[in-house]
Amino acid sequence: MVIDRIALVLVIIGALNWLCVGIFQFDFVAWICSGAATTWARIIYSIVGIAGLWCISLLFRKRVSE
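Going by numbering that gives the first Met the number 0, 42 is the number at position 43 of the sequence shown; the sequence numbering is gapless.
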């Protein structure tokens with residue numbers, strides 16, 4: 000399903016952003032949006048969070064062979 004792949008990509012991007020925060024103290028989203036508290040940054044964080052919630056559902060679905 001396309002939305003599953005999009006959600007997974009967004010979660011991976013979010014995870015890589017957190018890796019940068021943890022290792023380099025550099026928040027890529029905040030850098031792009033000129034600050035972590037801007038409206039755009041909050042929208043991006045929210046989209047990534049919703050994608051994470053969607054990916055939780057992937058854990059409980061039965062796998063269909065492709």
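Just so you know, even glycine gets a beta-carbon here, dropped at the ideal spot from N, CA and C.
For Ile5, tell me which candidate among Phe59, Arg62 and Cys54 has the shortest Cα-Cα distance. As a working note, residue 5 is residue 6 in the sequence shown. Among Phe59, Arg62 and Cys54, the Cα nearest to that of Ile5 is on Cys54.
Suppose the cutoff is 8 Å on Cβ atoms and the five residues either side in sequence are ignored; what does the same chain contact list for Asp26 look like? Counting from 1 along the sequence shown, the entry for residue 26 is found at position 27. Cβ within range, chain order: Asn16, Cys19, Val20 and Ala35.
Tell me, to the nearest whole angstrom, how far the beta carbon of Val28 is from that of Ile43; I am working on the premise that it is less than 8 Å. The residue given as residue 28 occupies position 29 in the sequence shown. The residue given as residue 43 occupies position 44 in the sequence shown. Indeed, because the Cβ distance is near 5 Å, the residues count as touching under 8 Å.
What does the alpha-carbon distance come out to for the pair Ile49 and Arg41? As a position in the sequence shown, residue 49 is number 50, starting the count at 1. As a position in the sequence shown, residue 41 is number 42, starting the count at 1. Their backbone Cα atoms lie some 12 Å apart in a straight line.
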